[in-house]
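K.L.:
Residue numbers (my numbering), protein chains in the order written: chain A, 1 to 363; chain B, 364 to 724. In this text, a Cβ means the ideal position worked out from N, Cα and C, and glycines have one as well. Keep in mind that this is a model prediction, so the values were computed, not measured.
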Amino acid sequence: MARIVLKNLRKSFGSVDVIKGVDLAIEDGEFTVFVGPSGCGKSTLLRMIAGLEDISSGSLEIDGTVVNEVQPKDRGVAMVFQTYAIFPHMTVRENVAFGLTIAKTPKAEKEAKVAEAARILQMEHLLDRRPSQLSGGQRQRVAIGRAIVRDPKVFLFDEPLSNLDAALRMNMRMEIGKLHQQLSATMIYVTHDQVEAMTLADKIVVLKDGQVMQIGTPMELYHEPVNIFVAGFLGAPSMNFLTVDVGEVSGDSATVRAGALEPIAVPTRGRDIRAGGTATLGVRPQYLGPVDAGQTGMLHGKVDLTERLGSETVVEMTLRDGAKLIAAFAEDRIFTPGQGVDLNFDPARAHLFAEAPPDPTAH
Amino acid sequence: MPMPSGSKLTQSNAAGWAFALPGFALMVLFIIVPFVFAIVLSFTNQRLVSPNPTEFVGWSNYQQLLGVGMLTLEPEKDASGAIIRDADGQPTYPRVRTYTRNNPDYPGLKGMRELTSWQSGQNRTYILASDVVFLRAIINTFIFVLVVAPVQGGLALGLALLINQKLRGINIYRAIYFMPVVVSIVVVSLLWRFIYDGNSGLLNNMLGALSFGAFKPVNWLGNPHTALGAIIAMSIWQAVGFHMVIWLSGLQTISPTLYEAAAIEGSTKWQTFRYVTWPGLRNTAVLVLIVITMQAFALFAQIDVMTKGGPLDSTQTIVFQAVQRGYGKQDISGGSAISVILFLIVLTISLVQRYLTREKT
Ligand SMILES: Nc1ncnc2c1ncn2[C@@H]1O[C@H](COP(=O)(O)OP(=O)(O)OP(=O)(O)O)[C@@H](O)[C@H]1O
Ligand SMILES: [Mg+2]
Numbered sequence: 001m002a003r004i005v006l007k008n009l010r011k012s013f014g015s016v017d018v019i020k021g022v023d024l025a026i027e028d029g030e031f032t033v034f035v036g037p038s039g040c041g042k043s044t045l046l047r048m049i050a051g052l053e054d055i056s057s058g059s060l061e062i063d064g065t066v067v068n069e070v071q072p073k074d075r076g077v078a079m080v081f082q083t084y085a086i087f088p089h090m091t092v093r094e095n096v097a098f099g100l101t102i103a104k105t106p107k108a109e110k111e112a113k114v115a116e117a118a119r120i121l122q123m124e125h126l127l128d129r130r131p132s133q134l135s136g137g138q139r140q141r142v143a144i145g146r147a148i149v150r151d152p153k154v155f156l157f158d159e160p161l162s163n164l165d166a167a168l169r170m171n172m173r174m175e176i177g178k179l180h181q182q183l184s185a186t187m188i189y190v191t192h193d194q195v196e197a198m199t200l201a202d203k204i205v206v207l208k209d210g211q212v213m214q215i216g217t218p219m220e221l222y223h224e225p226v227n228i229f230v231a232g233f234l235g236a237p238s239m240n241f242l243t244v245d246v247g248e249v250s251g252d253s254a255t256v257r258a259g260a261l262e263p264i265a266v267p268t269r270g271r272d273i274r275a276g277g278t279a280t281l282g283v284r285p286q287y288l289g290p291v292d293a294g295q296t297g298m299l300h301g302k303v304d305l306t307e308r309l310g311s312e313t314v315v316e317m318t319l320r321d322g323a324k325l326i327a328a329f330a331e332d333r334i335f336t337p338g339q340g341v342d343l344n345f346d347p348a349r350a351h352l353f354a355e356a357p358p359d360p361t362a363h
Numbered sequence: 364m365p366m367p368s369g370s371k372l373t374q375s376n377a378a379g380w381a382f383a384l385p386g387f388a389l390m391v392l393f394i395i396v397p398f399v400f401a402i403v404l405s406f407t408n409q410r411l412v413s414p415n416p417t418e419f420v421g422w423s424n425y426q427q428l429l430g431v432g433m434l435t436l437e438p439e440k441d442a443s444g445a446i447i448r449d450a451d452g453q454p455t456y457p458r459v460r461t462y463t464r465n466n467p468d469y470p471g472l473k474g475m476r477e478l479t480s481w482q483s484g485q486n487r488t489y490i491l492a493s494d495v496v497f498l499r500a501i502i503n504t505f506i507f508v509l510v511v512a513p514v515q516g517g518l519a520l521g522l523a524l525l526i527n528q529k530l531r532g533i534n535i536y537r538a539i540y541f542m543p544v545v546v547s548i549v550v551v552s553l554l555w556r557f558i559y560d561g562n563s564g565l566l567n568n569m570l571g572a573l574s575f576g577a578f579k580p581v582n583w584l585g586n587p588h589t590a591l592g593a594i595i596a597m598s599i600w601q602a603v604g605f606h607m608v609i610w611l612s613g614l615q616t617i618s619p620t621l622y623e624a625a626a627i628e629g630s631t632k633w634q635t636f637r638y639v640t641w642p643g644l645r646n647t648a649v650l651v652l653i654v655i656t657m658q659a660f661a662l663f664a665q666i667d668v669m670t671k672g673g674p675l676d677s678t679q680t681i682v683f684q685a686v687q688r689g690y691g692k693q694d695i696s697g698g699s700a701i702s703v704i705l706f707l708i709v710l711t712i713s714l715v716q717r718y719l720t721r722e723k724t
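(1) Between aspartate 158(A) and the rest of its own chain, which residues show a CB-CB distance below 6 Å, the 5 nearest in sequence each way excluded?
(2) Output, in chain order, the set of chain A residues within a Cβ distance shorter than 8 Å of phenylalanine 639(B).
(3) Whole angstroms are fine: how far does the CA of glutamate 262(A) sit from the CA of phenylalanine 345(A)?
(4) Could you check whether the Cβ of alanine 78(A) sits closer than 8 Å to any Cβ belonging to chain B?
(5) Which class does proline 263(A) belong to by DSSP, given the choice of helix, strand or coil?
(6) In chain order, what residues of the same chain lie with their CB nearer than 7 Å to the CB of proline 543(B), ignoring the 5 residues before and after it?
(7) For the 8 Å Cβ check, are there 3 or more pairs between the segment 565-584 of chain B and the segment 646-659 of chain B?
(8) Within the present structure, is the beta-carbon of threonine 255(A) separated from the nearest heavy atom of ligand 1 by less than 7 Å?
(9) Confirm the yes/no value for this check: CB of valine 190(A), any heavy atom of ligand 2, distance under 7 Å.
(10) Which runs of the beta strand (DSSP E) spanning at least 3 residues fall entirely within the segment 309-359 of chain A, listed in chain order?
(11) When we look at the beta-carbon of valine 149(A) and count the other beta-carbons within 10 Å, is it buried (16 or more) or exposed?
(12) Using the C-alpha atoms, what's the distance from glutamine 133(A) back to alanine 201(A)?
(13) Report, in whole angstroms, the separation of the C-beta atoms of proline 285(A) and alanine 328(A), which I expect to be a contact under 8 Å.
(14) Can you tell me where the beta strand (DSSP E) with valine 549(B) in it begins and where it stops?
(15) Roughly how far, in whole angstroms, is the beta-carbon of arginine 556(B) from the beta-carbon of methionine 669(B), given that I think they are within contact range, below 8 Å?
(16) What would DSSP say about isoleucine 273(A), mapped onto helix, strand or coil?
(17) How is the alpha helix (DSSP H) around isoleucine 49(A) delimited, first residue to last?
(18) Rounded C-beta distance between glutamate 401(B) and valine 709(B)? I'm assuming under 8 Å.
(19) Do glutamate 159(A) and ligand 2 come close, with the Cβ less than 7 Å from some heavy atom?
(20) Should serine 43(A) be listed as close to ligand 2, given that the test is whether its C-beta is under 7 Å from any heavy atom?
(21) Can you pull the chain A neighbours of isoleucine 533(B), defined as C-beta to C-beta under 9 Å?
(22) Any C-beta of chain A sitting closer than 8 Å to the C-beta of glutamate 418(B)?
(23) When you check each C-beta in the segment 43-60 of chain A against every C-beta of chain B, which residues fall closer than 9 Å?
(24) Under the criterion of a Cβ to heavy atom distance below 7 Å, does glycine 36(A) qualify as lining ligand 1?
(25) I want to check one thing, is the minimum distance from the CB of glycine 39(A) to the heavy atoms of ligand 4 below 7 Å?
(26) Since threonine 504(B) is in the alpha helix (DSSP H), which residue starts that stretch and which ends it?
(27) Checking contacts by CB at 8 Å: is isoleucine 548(B) closer than that to chain A?
(28) Among Pro152(A), Gly145(A), Arg141(A), Gly294(A), which residue has its Cα nearest to the Cα of arginine 169(A)?
(29) Going by C-alpha to C-alpha distance, which of Pro237(A), Gly210(A), Thr306(A), Asp209(A) sits closest to tyrosine 222(A)?
(30) Who pairs with histidine 300(A) in a beta bridge, going by DSSP?
(31) Taking 8 Å as the threshold (beta carbon to beta carbon), is arginine 721(B) in contact with chain A?
(32) Could you check if valine 18(A) belongs to the surroundings of ligand 1, using beta carbon to heavy atom distance under 7 Å?
(33) Let me confirm a value: histidine 363(A) is counted as buried when at least 16 other C-beta atoms fall within 10 Å, else exposed. Which label applies?
(34) Any Cβ of chain B within less than 8 Å of the Cβ of proline 72(A)?
(35) Please name the residue in Val431(B), Leu566(B), Gly585(B), Trp583(B) whose C-alpha comes closest to that of glycine 576(B).
(36) In chain A, which residues lie with their C-beta within 7 Å of the C-beta of serine 612(B)?
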């Protein structure tokens with residue numbers, strides 16, 4: 001049982017502020033995923049929870065107790081590292097049992113727990129091997145096994161799958177998902193892979209430059225992003241952003257237009273959209289649909305490039321006013337480069353942001 | 364057969380040999396030739412400068428160096444069969460020299476002298492050696508190695524662990540500990556002669572001050588009981604920084620995440636050392652052990668500068684003997700034989716160490 005509460009948590013390395021005030025509550029048994037671009041402070045935040053990194057200010061509570069000054073071992077956490085961090089000179093069995101050996105657990109109990117962990121992770125046949133004789137996925141399982149045997153209150157994962165190939169990654173992702181169901185422990189998982197985030201998480205925390213951008217369930221974040229950053233970060237291919245002129249604003253909707261966009265009323269979702277100004281229109285590629293030949297749609301452009309994935313066709317387009325756009329159609333379709341295409345979309349699924357679109361050359 | 368890419372030069376066998384030749388020739392000249400020379404000379408009676416032609420003498424140099432014998436003597440008895448005792452009531456024994464000099468009944472003990480002796484019941488047992496000084500040198504060298512190897516290795520590891528921390532100014536400590544290493548051992552030995560001085564040496568003064576004058580000054584290098592110990596202490600101090608640096612490089616190859624993993628699992632300092640640090644230092648440990656052993660067996664400069672083997676041969680060492688024989692006494696063949704013996708000892712020990720510390724699979 002573990003509920004974790006972060007209150008205005010901050011971290012600076014010397015004069016560099018890395019975590020700039022994070023407030024977050026993680027409920028018991030919840031699977032929370034930290035996502036964000038590289039260098040945004042995900043690992044640092046996780047390591048602060050683990051106790052591997054000092055907390056500069058703010059408070060960290062586990063089960064109602066402030067643990068800012070508590071040693072890592074006394075926080076009841078287990079951690080799985082990106083580089084596995086399994087001990088090279090020990091067998092798999094010794095590695096898995098490490099925490100128990102350290103705690104001088106009786107032999108019988110230790111063996112039972114190791115056997116149980118090996119069963120859960122399906123690695124009974126690996127127990128007497130050395131790490132050098134294991135594949136990357138097997139090593140990661142050993143690291144997870146070492147975390148399991150101690151029955152920690154909290155599991156911390158720092159990009160555990162990023163060294164694995166795509167197939168193994170999917171496999172391990174599902175195993176971690178299953179593990180969470182079996183153990184129903186609190187888990188915090190750092191990744192920059194949004195598929196992992198979307199599939200595993202009960203709750204996603206999107207970070208940018210050491211600040212929380214949005215906290216919510218995967219679907220909340222996907223459908224109701226609070227800002228352009230979150231909107232652009234989740235979803236692949238990422239959301240299209242078009243700079244538009246705002247016509248009239250009435251109640252909860254605004255009419256917008258652009259060089260290649262017919263006037264259309266889009267919900268403002270309470271954002272500060274002013275008539276006569278400019279705004280950014282966001283539409284996910286998947287919500288764009290082609291218009292049958294002969295009819296006109298809301299967006300006018302021509303095809304630059306087509307990627308046919310079988311189940312999906314991704315089309316890169318240049319709009320009539322020069323803006324770039326990506327559309328993803330749910331079926332296999334053939335376009336020729338240069339072909340003119342009109343697109344439609346459901347305005348209810350579009351987003352209007354007051355800020356300017358992110359600079360694609362930044363990063 | 365497909366030709367691998369590369370210029371003609373790198374594929375030609377002759378060119379390869381031609382490039383290797385200069386280095387190889389130097390190695391032959393300065394390593395292999397002297398090595399073979401030493402072995403050959405050790406079986407002759409060659410002297411440094413001598414008008415007489417060189418003769419092969421077989422193993423006699425080795426016999427002369429390593430010959431040992433044992434002699435058990437009964438107490439002297441008077442006519443009635445009672446043991447004759449001296450003024451202190453101790454039994455008296457015949458003089459050893461009557462057995463080793465011109466005694467046709469004991470040809471094997473000819474020319475030997477007493478190395479050590481002990482009492483067994485009424486009898487007294489003597490270990491005799493044909494070259495007492497050389498055997499002393501072997502014993503001293505082994506004592507030196509057996510003390511220096513573990514103590515210096517352990518101290519160096521301790522220092523390495525201490526300075527392998529992220530603290531401000533830690534580099535100053537690294538530099539200080541390493542400083543004696545870059546000073547010539549001859550200079551260090553000269554300095555320590557002053558420290559160990561029997562009258563106003565720094566050590567005596569310090570011990571005197573610390574004990575408020577209760578400590579009686581010791582002539583550290585002039586006393587047979589303290590001379591070897593003094594040289595051991597100085598030698599450990601001098602090279603400990605070198606091995607500290609080797610340990611340090613080993614420590615820094617251990618991934619910091621392993622320490623973090625251990626910390627999260629709840630490992631204490633000692634457990635972390637035992638389960639993470641020490642296994643990660645395996646190869647370094649083998650290296651340090653072998654290097655210290657080799658260096659310790661080569662003990663020479665300290666002896667030459669500080670004691671010249673004395674007092675009473677208490678600091679004789681194998682290499683010092685080799686040099687003294689070869690150049691001091693101009694007995695090149697004897698010196699060569701000592702070198703060969705040292706080579707065999709070091710080779711054996713290195714092989715044993717390698718076997719004992721091998722990677723167990
Ligand atoms: N020990 C340190 N000293 C100084 N700066 C650090 C230190 N550790 C991390 N940082 C900085 O803190 C920021 C956040 O680092 P962090 O490792 O948390 O990023 P991350 O989100 O995990 O990135 P990635 O996805 O690449 O792993 C980075 O800008 C990094 O340069
Ligand atoms: Mg990271």
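P.N.:
Based on what the coordinates show:
(1) Counting from 1 along the first sequence, the entry for residue 158(A) is found at position 158. Counting only Cβ-Cβ distances below 6 Å, and skipping sequence neighbours, we find Ser43, Leu46, Phe81, Gln82, Val190.
(2) Mapped onto the second sequence, residue 639(B) falls at position 276. Before going further, note that residue 639(B) is valine rather than phenylalanine in the sequence given. Going along chain A in sequence order, the residues near valine 639(B) (Cβ under 8 Å) are Phe87.
(3) Here residue 345(A) corresponds to residue number 345 of the first sequence, with the count starting at 1. Here residue 262(A) corresponds to residue number 262 of the first sequence, with the count starting at 1. Approximately 12 Å, taken between the alpha carbons.
(4) Residue 78(A) sits at position 78 when you count from the first residue of the first sequence. At least one chain B Cβ lies under 8 Å of alanine 78(A).
(5) The residue you call residue 263(A) lines up with position 263 of the first sequence. DSSP places proline 263(A) in strand when its eight states are reduced to three.
(6) In the second sequence, the residue the question calls residue 543(B) occupies position 180. Closer than 7 Å at the Cβ level, and outside the excluded window around proline 543(B), lie Val551, Trp600, Gln601, Gly604.
(7) no
(8) Mapped onto the first sequence, residue 255(A) falls at position 255. False, no ligand heavy atom lies under 7 Å from that Cβ.
(9) One-based indexing of the first sequence puts residue 190(A) at position 190. Correct: valine 190(A) has its Cβ closer than 7 Å to ligand 2.
(10) 313-319, 324-329, 340-345, 351-353
(11) Counting from one through the first sequence, the residue named residue 149(A) turns up at place 149. When all chains shown are included, valine 149(A) counts as buried.
(12) In the first sequence, the residue the question calls residue 201(A) occupies position 201. In the first sequence, the residue the question calls residue 133(A) occupies position 133. Each residue's alpha carbon lies about 32 Å from the other.
(13) Locating residue 285(A) in the first sequence gives position 285, where the first residue counts as 1. Locating residue 328(A) in the first sequence gives position 328, where the first residue counts as 1. The pair is a contact, with the Cβ atoms about 4 Å apart (cut-off 8 Å).
(14) On the second sequence, residue 549(B) is found 186 positions in, with the first residue counted as 1. Here valine 549(B) belongs to no beta strand (DSSP E); instead the alpha helix (DSSP H) covers 548-558.
(15) Here the question's residue 556(B) lines up with position 193 in the second sequence. Here the question's residue 669(B) lines up with position 306 in the second sequence. So it is a contact: roughly 6 Å between Cβ atoms.
(16) Taking the first sequence and counting its residues from 1, one reaches residue 273(A) at position 273. Looking at isoleucine 273(A) - three-state DSSP - the assignment turns out to be coil, as it is neither helix nor strand.
(17) Numbered from 1 along the first sequence, position 49 holds the residue referred to as residue 49(A). That run of the alpha helix (DSSP H) goes 42-50.
(18) Stepping through the second sequence from its first residue, residue 401(B) is reached at position 38. Stepping through the second sequence from its first residue, residue 709(B) is reached at position 346. It is alanine, not glutamate, that sits at residue 401(B) in the sequence shown. Not really, about 14 Å apart at Cβ, beyond 8 Å.
(19) The residue labelled residue 159(A) in the question sits at position 159 within the first sequence. For ligand 2, at least one heavy atom lies less than 7 Å from the Cβ of glutamate 159(A).
(20) Here residue 43(A) refers to the residue found at position 43 of the first sequence. Flag set: Cβ of serine 43(A) near ligand 2.
(21) Residue 533(B) sits at position 170 when you count from the first residue of the second sequence. Within 9 Å Cβ-Cβ: nothing; isoleucine 533(B) doesn't reach chain A, min ~17 Å.
(22) In the second sequence, counting from the first residue as 1, residue 418(B) sits at position 55. By this cut-off, glutamate 418(B) is not an interface position.
(23) Arg47, Ala50, Gly51, Leu52
(24) Looking up residue 36(A) in the first sequence gives position 36. Yes - ligand 1 has a heavy atom lying nearer than 7 Å to the Cβ of glycine 36(A).
(25) As presented, the structure is devoid of ligand 4, carrying ligand 1 and ligand 2 as its sole ligands.
(26) Locating residue 504(B) in the second sequence gives position 141, where the first residue counts as 1. It spans 495-526 - the alpha helix (DSSP H) in which threonine 504(B) sits, taken as one unbroken run.
(27) In the second sequence, the residue the question calls residue 548(B) occupies position 185. Answer no: the Cβ-Cβ gap between isoleucine 548(B) and chain A never drops below 8 Å.
(28) Stepping through the first sequence from its first residue, residue 169(A) is reached at position 169. Nearest C-alpha to arginine 169(A): Arg141(A).
(29) Along the first sequence, read from residue 1 onward, the residue named residue 222(A) stands at position 222. Minimum Cα distance to tyrosine 222(A) is reached at Pro237(A).
(30) Here residue 300(A) refers to the residue found at position 300 when the first sequence is read from its first residue. Bridge partners of histidine 300(A): Asp342(A).
(31) Taking the first residue of the second sequence as 1, we reach residue 721(B) at position 358. Not closer than 8 Å to any Cβ of chain A, the Cβ of arginine 721(B) fails to qualify, so no.
(32) Within the first sequence, the letter at position 18 stands for residue 18(A). Yes.
(33) Locating residue 363(A) in the first sequence gives position 363, where the first residue counts as 1. For histidine 363(A), the predicted model reports a pLDDT of 44, less than 50, meaning its position is unreliable and no value from the coordinates is stated.
(34) Position 72 of the first sequence holds residue 72(A). Proximity of proline 72(A) to chain B, defined by a Cβ-Cβ separation below 8 Å, is satisfied.
(35) Numbered from its first residue, the second sequence carries residue 576(B) at position 213. Of the listed residues, the one whose Cα sits closest to glycine 576(B) is Leu566(B).
(36) As a working note, residue 612(B) is residue 249 in the second sequence. The premise fails here: serine 612(B) is roughly 18 Å from chain A at the closest Cβ pair, so nothing lies under 7 Å.
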